Structures are given as C-alpha cells and as structure tokens.
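These protein sequence lines map, in sequence, to chains A and B. Number 421 in the working numbering belongs to position 421 of the first sequence; there are no gaps in the numbering. Number 693 in the working numbering belongs to position 235 of the second sequence; there are no gaps in the numbering. All C-beta atoms, glycine included, are put in the ideal place defined by N, C-alpha and C. All figures in this text were calculated on a predicted structure; none of them were measured in a lab.
Number of protein chains: 2
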Amino acid sequence: MNKLDVPYKIYLDEKEIPSSWYNVRADMKTKPAPLIHPGTLKPMTFEDMRPVFCDELIKQELDNDTAYIKIPDEILNFYKMYRPSPLTHAVFLEEALGTPAHIFYKFEGNNTSGSHKLNSAIAQAYYAKKQGLKGVTTETGAGQWGTALAMACSFFKLGCKVYMVKVSYEQKPFRREVMRTYGASVTPSPSMETEIGRKINAEHPNTTGSLGCAISEAVEVAASTEGYRYVLGSVLNQVLLHQSIIGLETKAACDKYGIKPDVIIGCAGGGSNLGGLISPFMGEKLRGEADYQIIAVEPASCPSFTRGKFAYDFCDTGKVCPMAKMYTLGHDFIPSANHAGGLRYHGMSSILSQLYHDGLMEARSVEQTSVFEAAEMFARVEGILPAPESAHAIRAAIDEALKCKQTGEEKTIIFGLTGTGYFDMVAYEKYNDHVMTDYIPTDEDLAKGFAGIPNINL
Amino acid sequence: MNKLDVPYKIYLDEKEIPSSWYNVRADMKTKPAPLIHPGTLKPMTFEDMRPVFCDELIKQELDNDTAYIKIPDEILNFYKMYRPSPLTHAVFLEEALGTPAHIFYKFEGNNTSGSHKLNSAIAQAYYAKKQGLKGVTTETGAGQWGTALAMACSFFKLGCKVYMVKVSYEQKPFRREVMRTYGASVTPSPSMETEIGRKINAEHPNTTGSLGCAISEAVEVAASTEGYRYVLGSVLNQVLLHQSIIGLETKAACDKYGIKPDVIIGCAGGGSNLGGLISPFMGEKLRGEADYQIIAVEPASCPSFTRGKFAYDFCDTGKVCPMAKMYTLGHDFIPSANHAGGLRYHGMSSILSQLYHDGLMEARSVEQTSVFEAAEMFARVEGILPAPESAHAIRAAIDEALKCKQTGEEKTIIFGLTGTGYFDMVAYEKYNDHVMTDYIPTDEDLAKGFAGIPNINL
C-alpha cells in the first residue's frame with residue numbers, strides 16, 4: 001500500500017527539533033504593513049505596545065529582518081513533551097480515494113490542548129516569566145487557545161486569567177474544566193469585573209458574549225493589573241514566528257526522506273497554523289530556490305481571503321487593539337450562527353495577507369457540510385477525529401487528490417492537521433443528525449461588514 | 459534534568475512493532491481456571507461459545523499453551539496508525555517530586571478512542587470480518603470500549619451495535635457522537651429492542667440502566683441476529699492476549715535503551731491494561747529469568763483484589779454470560795454513586811486473579827480524591843490530562859517514587875498511562891470545585907455483594 005519508501009508516521013528524533021524559529025518576514029520583498037495606532041495612524045512603536053504586551057514579544061513583533069531566532073532552552077525543553085509531532089503518510093486515505101497522489105499530514109493534535117496553539121502559548125508564557133511578570137490575560141472562544149495558555153502558564157507557574165465567551169463557557173464546560181485543572185481562572189465574558197464588561201452587561205443584559213468583547217476585557221485587565229500583560233494566540237507576527245516550528249519540522253522530515261511536496265494546504269482563521277506550516281517553504285519560494293502551490297482554506301461563511309478587502313481595519317470589534325492591514329470582512333462582521341467549525345475571525349494575519357496580495361499563495365473557501373463529510377471520511381480511514389478547523393484543510397487535500405485521480409498526476413500533497421475534535425462533538429452531532437446547514441453570505445451581508453472598515457490610505 | 463541517557467520519549471521504529479502477541483498462560487504453572495457453564499458447571503467448550511463469540515477468538519480464549527500467536531498483517535497494518543506508542547521518561551514528574559527514582563510511562567491515549575482499548579477492538583473486529591460475519595454487538599459504560607470498537611468496525615466495514623448505559627448515553631453525548639461518526643448504532647440501554655430490555659423497562663420504568671443490563675442486551679442481540687456475534691473489551695483471556703502488545707513494546711523499548719524496571723504498575727478494572735502491560739515481564743518472572751515488583755491499583759470503592767473473594771462468580775449482573783473464577787465482590791456489587799473514575803467492574807480477569815492468588819503480583823487500593831490530586835499534578839508537569847482510570851496508576855507511581863525519596867533508592871518505575879481524560883471532565887469539575895468525596899465500602903456493604911456469589915467448589 002505504502003508506495004513510497006517512507007515510514008507511515010515520520011517521527012524526527014528529539015535532537016532534530018529545530019533550535020531556531022524562522023521569520024519569513026526576513027525574506028519578504030514587500031514587508032507586511034505595520035500595526036498602526038488607531039488615534040495617530042502612526043506605526044505602533046515598542047513604547048506604544050509596552051503597557052499591553054511583553055517586551056521580548058514586542059521585539060519579535062517588530063523584527064522584519066532577523067531570519068532565524070534562537071528558541072530558548074526552556075521552551076525547547078517543553079517542546080520535547082509533545083514534539084516533534086508526526087508527519088504521517090496518509091496511505092489509508094490515498095487508498096480510499098484511489099488517487100495516484102501522495103498525501104502527508106503534519107499532526108499537531110497529540111497534546112492536551114488538542115492543537116498547535118501550544119507552540120506559541122509556551123513561548124509567550126516563557127517571555128512573560130522571564131520579564132518577571134506575575135501573569136497574563138487572554139480571551140478564548142471555543143477554548144483551544146485558552147487551554148494551551150493555561151498549560152503553558154502552569155508549567156512556568158505564571159498566573160493565567162482567561163475571558164471565555166459566555167456562550168462557550170456555559171455550553172462547553174469541558175474545555176473550561178481543562179483550563180481550571182491547569183490552574184487558570186476562567187471568567188465568562190462579558191463579566192462584571194471590568195469597565196467594558198459592566199458597560200456591555202448594562203446595555204445588553206442577556207448577551208451571550210462575543211470574542212471581540214472578551215478581547216476588550218482581557219486587554220483592560222492586562223493594562224490595569226500590576227505585573228500582567230495581554231497575550232494573543234493568532235494573527236500577530238510573533239505567533240507566526242513561533243508556529244514556524246510546524247513548518248520547520250515538516251521540512252526537516254521531507255528532506256530526511258526525500259519527500260518533495262508540490263502542494264501545501266492549511267486552514268486559515270487568523271493564520272497561525274497556515275503561517276507556521278508554510279513558512280520555510282514560502283522562504284524557499286521567496287528566495288527563488290523552489291516553487292510550491294500553497295493553498296489557504298477558509299470557510300465559505302467567513303471568507304476573509306476570497307471575498308474580503310485588503311485594508312487597514314480594527315483587529316477587534318471593541319476597537320481597543322491597534323489596527324492591522326489585512327484581508328478583512330470588517331471588524332463588525334460576524335459569521336452566521338449556523339457556522340460550527342471555528343475559523344470565525346473577520347481578519348487575517350498581515351504576513352499572510354501580504355503574501356496573498358503578492359500572488360505567492362492562493363485561497364479557496366469550502367462549505368461546512370462538505371468539510372464534515374471530509375472529516376468523517378478522514379476519521380474513518382485514518383483513525384483521527386479531526387477538529388472542524390483542520391477538516392477544512394482535509395477537504396481541500398481530498399479535492400486536490402481527486403483532481404490527481406482524474407489527471408493521473410502523482411503530486412505530493414502536504415496538509416496541516418491542526419488538532420482533534422473531541423471538544424467539538426456538538427458540531428459532529430449536527431452533522432450525524434443531518435441537520436447541519438450551509439450558509440454563504442450574500443454580497444449585501446458582506447457590504448454591511450465592509451461599511452465598518454475605516455478609510456485609511458497609508 | 460534527564461539523568462539517564464535515553465530520549466524523553468522513546469518511539470520504537472514501526473518495524474519494531476511486535477509481530478506476535480504473547481500469551482502469558484503458556485508460562486503459568488497454575489493455569490487460570492476455565493469459564494464454566496452456569497447450568498452444567500462444566501468448562502465451556504468451543505461449541506458452547508460459538509453462538510455468542512467468533513470462532514478464532516474462542517480458540518484464543520481456550521488456548522493455554524501457545525506462547526506466541528502471530529498478529530495478522532491486517533491488524534499490524536492498523537496498529538501502524540497509532541503504534542508504537544511512546545514510552546516516556548517522566549523527567550518533569552521526577553523533578554517535581556525530587557525523587558532519585560526513574561519513572562517511565564507507556565502512553566496508550568494517542569488515538570481517537572483515547573485508550574488502549576483499540577488494541578483488542580481491532581483484533582476482534584478483524585476475526586469477525588474474517589469469519590464472514592456482518593457485525594458485532596457490545597455494551598459500553600463511559601464509552602471508551604464502544605468508541606474503540608466503532609473505529610475498528612468502521613475500518614473493516616463491519617456492523618457495530620453498541621448498547622450504552624442510558625445514563626451515560628444522556629450525560630456523555632460526546633462519546634456517543636464519536637461512535638456515531640464512525641458509523642456505529644448506539645442504543646440507550648435498557649432499550650425496547652430486546653426481550654431483557656423490555657422486561658427491565660417494565661419492572662423499572664425510570665431506570666437509568668447498568669452495565670450488567672447492557673451486556674445482557676448486547677448478548678441477546680448477538681445470539682438472535684444472523685451474522686452477528688458479541689465482543690467484550692476486558693476480563694477475557696483473548697483481550698489480555700491482544701493487549702500484550704503494550705507490554706511487548708514496553709519491554710522492547712527497555713531492552714533497546716538498557717532500562718531495567720524494578721516496579722511495574724497498572725490500574726486494574728477488568729484487567730485488560732494491567733494484564734497487557736505486565737505480560738512479558740510476568741513471563742520472565744514465571745520462567746525464573748528476572749524478578750519485578752508488579753502492582754495492580756484499584757479504587758478503594760471497588761476493591762476486587764484487595765477485599766474480594768477468589769471464587770467462581772457470574773461475569774455480569776444479568777447472569778447471561780458464563781461464570782469465571784476470579785477475585786470478585788459479587789455480581790450484585792455496585793460501587794458507590796460518588797465514584798467517578800471508572801474501574802467499576804465487580805470482578806477481575808481470571809489470569810490476573812490466578813497470578814495474584816499465587817503471590818506473583820501485589821495489589822493496593824487508592825481513594826479517589828488522592829487519585830485526582832495525582833492526576834492534576836501529572837497533567838500540570840507532564841502535559842497530559844489523564845483518564846481517571848490511568849490516574850490510579852499515577853497515584854501509586856508517585857507514592858513509590860516518594861518512598862524512594864525517603865530511602866534514597868534509585869528504583870526504576872514503569873507505569874501504564876492507559877488514556878486521556880477529555881471525556882471525563884465532569885469528574886474533574888467535581889475535583890476542581892472541591893465537591894469530590896471518597897467512599898470506602900464497609901464490611902457490611904461488601905457482605906451484601908458476597909452473599910450473591912454462588913457456592914461452587916470445583
């Protein structure tokens with residue numbers, strides 16, 4: 001069955017874990033646009049960011065030039081717990097599809113946070129600890145990022161305050177309890193602990209919360225609590241830097257076994273996984289050393305790349321964060337309530353936005369029932385029940401493999417399997433009961449979101 | 459930190475997956491007592507078992523002599539999806555405890571079933587398929603075994619009917635949906651589909667079900683549906699045979715890296731994990747080639763080994779199954795409702811019972827709050843949130859390591875980490891909220907269970 005001379009699962013030796021992160025910005029001819037201050041419209045400086053972010057992380061955020069940044073030993077030590085992650089040859093999927101394509105996936109779900117988020121969480125917790133801080137704050141929706149951060153803070157004995165969107169806090173108690181088991185405080189948002197929370201509760205007494213509101217609360221608490229800073233699990237340059245570990249390991253495994261990918265596929269919400277997975281391959285492409293077809297996959301119900309505008313916009317609905325230039329649906333855009341599968345962010349990493357704008361990668365959107373179809377098939381043949389987010393990449397990988405079946409091409413496809421779906425069984429239940437529906441926003445729906453994008457030309 | 463010259467996580471090469479299971483019965487001087495027919499009290503023959511069990515599995519059940527049984531290629535092929543499982547050096551736990559002991563754990567949770575149950579599920583599904591059957595039936599409580607069987611049946615395109623204890627079906631919908639995603643039918647038990655189910659529903663209209671009742675339903679359906687057989691995830695000799703893969707891999711990893719275990723620890727419910735983990739080590743002990751301290755860990759609220767009787771008893775409360783000689787609390791014994799952590803079975807594998815009776819292993823019981831204390835500590839330092847069942851072994855391993863701290867002994871301790879606790883967060887929530895309580899049955903409580911054990915002397 002295994003048509004290539006490679007193991008089914010490639011585990012690098014722990015000595016082969018990359019010792020530096022790779023900063024793709026160093027090789028970009030057009031650098032990603034800087035974050036700007038919403039008042040002055042000037043690029044955010046180190047000092048501007050200090051009240052909210054950790055010093056070392058701000059340096060990483062602003063560094064467009066250093067290609068390789070050494071991973072501190074303490075972080076490498078933690079990575080050893082769950083890395084290197086396997087690069088798996090999807091032989092059972094290939095057989096089920098009857099495709100001549102070779103399919104591989106880099107699986108980031110074999111850790112208790114259940115996703116790749118831990119790669120950046122541990123780095124951010126480490127730098128906070130090194131700075132002598134007492135703790136960090138963050139927001140979480142479904143809870144993958146919050147869980148990862150709780151694990152990381154527990155490891156470094158750092159305080160961790162998580163603001164969890166109220167509807168998730170109540171409807172997803174399992175993730176909440178994982179965070180609490182790791183010693184994090186988890187507060188349903190909007191809460192009565194913050195000014196913005198009290199304001200929102202007063203205006204909307206029955207609100208079930210939103211990610212935008214949770215961000216605002218977490219930022220307020222970080223800025224007003226001594227020894228605390230705010231951390232974020234996606235979108236930012238620093239996050240893509242940390243997540244480059246995914247791509248670097250993938251590349252090392254490919255090089256070790258002579259695997260030459262033609263197509264690289266990742267799901268894209270804020271861009272943390274996709275940006276990490278593709279980074280060293282994109283680096284080769286930017287330096288003219290190799291070419292790859294790189295595909296971002298997003299939900300049809302939240303199509304930032306495929307139908308968004310490339311513009312400066314607010315990163316959060318509460319407008320407390322700096323503005324970023326990115327593909328955006330507008331900071332007021334909220335995906336349809338029927339959308340179950342994560343990847344709900346209105347914007348996109350500035351790095352990925354620039355690369356996409358420059359034609360260095362492509363994007364496509366997929367509808368959720370077809371995503372769950374792919375998820376079910378994958379679960380049955382490959383034995384891993386994927387997170388709905390990851391299943392967007394599976395969908396696209398299957399589609400590419402089926403194209404190869406038609407053309408007879410023996411392409412090598414690599415996709416990122418970001419995590420497991422154990423905490424997303426409510427969505428699977430909808431699919432199993434055949435009550436899951438699709439929704440594609442109309443042009444009028446999108447126009448409402450676009451109307452909120454400020455008109456800034458820098 | 460790593461005091462031994464071994465990797466943090468030992469992954470054997472996939473070519474090093476054992477090609478045969480090891481049947482510890484072949485080396486036992488006193489063989490485990492045979493299953494007997496409850497009517498005739500005669501040992502169950504191949505023909506007696508055929509209406510309910512698959513032919514090849516009956517052969518394995520009755521085979522006390524063949525030491526090594528070849529693993530069919532189709533099963534090895536499936537094992538490749540998630541095996542070899544890692545043997546992890548618990549350096550972070552050692553450091554947190556400040557112990558001179560070396561602690562290792564064999565982790566079986568990196569698969570979607572979340573536990574070691576898949577090792578036997580795939581074997582049982584394979585033999586059912588090979589026999590040309592249409593499907594299998596089983597019962598499940600919390601759902602680990604049902605999930606594993608659903609995955610296995612899906613792989614071989616075999617029907618899978620799971621009878622799930624009604625209270626779990628309603629309160630643990632996530633596991634139910636995982637099973638459905640793999641195409642299994644999941645029926646809350648007692649159902650109206652079977653004679654025994656209708657009878658129990660008529661007698662107890664509001665019953666939330668029990669494992670004993672679910673077994674009876676699954677056996678009835680298997681015996682009355684053409685092309686169906688019944689399968690079971692623990693207790694039976696065949697299950698321990700399949701689970702020997704855990705111990706064989708552990709032993710291979712130890713031999714490869716010169717690790718010499720002094721103490722081997724496993725949690726024990728029906729005995730599937732413990733029996734599998736210890737098998738090759740017990741084989742050496744039985745053959746006089748090596749000595750190990752082997753410890754079974756059970757909940758204080760369901761203390762089959764430490765407070766049970768060694769006697770013939772019914773394997774199920776419904777008395778539809780054959781009788782087994784084992785350490786038992788009586789087939790009517792039901793652990794206190796406050797007991798959250800699995801391992802609720804009243805009896806124990808006949809193989810392990812005989813080995814324990816012959817003084818070849820020891821047993822201890824632990825209380826559940828101390829188990830969750832160990833679980834929390836382990837989760838925080840080793841990054842894996844354990845299943846409550848597995849945490850019984852963690853508790854004992856920590857206790858042994860702390861003894862070494864007092865004595866200064868540099869013992870090597872290996873324990874089995876059978877699975878993850880992602881579907882057990884309700885129990886963790888109780889622990890996090892400090893409302894978890896302990897209960898140790900009184901002698902009077904046990905006497906009630908003992909009263910139901912039939913008086914059979916063979």
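A straight-line Cα-Cα distance of about 19 Å links residue 518 of chain B and residue 677 of chain B. Apart from the 5 residues on each side of it in sequence, residue 706 of chain B sits with its Cβ closer than 7 Å to the Cβ of 476, 480 and 738 in its chain, given in chain order. Residue 358 of chain A sits in coil when the DSSP states are folded into three classes, being neither helix nor strand. No Cβ of chain B is located within less than 8 Å of the beta carbon of residue 364 of chain A. The criterion of a C-beta distance shorter than 8 Å is satisfied by residue 566 of chain B and residue 877 of chain B.
Collapsing the DSSP output to three states places residue 267 of chain A in a strand. Residues of the segment 838–851 of chain B whose Cβ lies closer than 8 Å to any Cβ of chain A, in chain order: 838, 839, 840, 841, 842 and 843. If only uninterrupted alpha helix (DSSP H) runs of at least 4 residues are considered, those enclosed by the segment 516–599 of chain B are 531–537, 549–555 and 576–588.
Taking a Cβ-Cβ threshold of 7 Å, the residues of chain A close to residue 639 of chain B are 376, 379, 385, 428 and 432, in chain order. C-alpha of residue 607 of chain B to C-alpha of residue 333 of chain A: approximately 43 Å in a straight line.
The shortest C-alpha to C-alpha distance from residue 364 of chain A to any of A:298, A:188 and A:29 is the one to A:298. At a beta-carbon threshold of 8 Å, the residues of chain B lying near residue 178 of chain A are 843, 880, 883 and 886, ordered along the chain. Under the DSSP assignment, residue 197 of chain A falls in the alpha helix (DSSP H) whose first and last residues are 195–203.
For residue 876 of chain B, there is no enclosing alpha helix (DSSP H), as DSSP marks it with neither H nor E.
Interface residue (Cβ-Cβ distance to chain A less than 8 Å): residue 569 of chain B is classified as such. Per DSSP, reduced to three states, the secondary structure at residue 774 of chain B is coil, with no helix or strand assignment. In this structure residue 789 of chain B is buried. Its beta-carbon is surrounded by 16 or more other beta-carbon atoms within 10 angstroms.
Close partners of residue 894 of chain B in chain A (Cβ separation under 9 Å) are lacking, with about 13 Å as the shortest Cβ gap. In the DSSP annotation of this structure, the continuous segment of the beta strand (DSSP E) that includes residue 20 of chain A starts and ends at 20–22. The straight-line gap separating the alpha-carbon atoms of residue 661 of chain B and residue 870 of chain B is approximately 54 Å. With a cutoff of 8 Å on beta-carbon distance, residue 672 of chain B and residue 594 of chain B are scored as not near each other. When CB distances to chain A are screened at a threshold of 7 Å, the residues of the segment 515–549 of chain B falling below it are 538, 539 and 540, in chain order. For residue 164 of chain A, there is no enclosing alpha helix (DSSP H); the enclosing beta strand (DSSP E) covers residues 159–165.
Taking a C-beta distance under 8 Å as the contact criterion, residue 839 of chain B and residue 562 of chain B do not qualify as a contact pair.
Annotation for residue 687 of chain B: the continuous beta strand (DSSP E) segment containing it runs 686–688. The count of Cβ pairs closer than 8 Å, one atom from the segment 821–836 of chain B and one from the segment 712–720 of chain B, stays below three, leaving the stretches out of contact.
Of the residues assessed, residue 656 of chain B falls on the exposed side of the cut-off, its CB having fewer than 16 other CB atoms within 10 angstroms. For residue 646 of chain B, there is no enclosing alpha helix (DSSP H); the residue is found in the beta strand (DSSP E) stretching over 643–647. If you check the CB distance, residue 787 of chain B and residue 762 of chain B come in under 8 Å. Within chain A, the residues whose beta carbon sits less than 7 Å from that of residue 612 of chain B are 380, listed in sequence order. For the pair residue 515 of chain B and residue 696 of chain B, the CB atoms are nearer than the 8 Å cut-off.
In this structure residue 732 of chain B is in contact with residue 874 of chain B, their Cβ atoms being roughly 7 Å apart against a cut-off of 8 Å. Excluding residues up to 5 positions away in sequence, 605, 609 and 636 lie with their Cβ nearer than 8 Å to the Cβ of residue 570 of chain B in the same chain. Contact of residue 632 of chain B with chain A is assigned, a C-beta pair being separated by under 8 Å.
At least one C-beta of chain A is nearer than 8 Å to the C-beta of residue 609 of chain B. For residue 298 of chain A, there is no enclosing alpha helix (DSSP H); the enclosing beta strand (DSSP E) has its first and last residue at 293–299.
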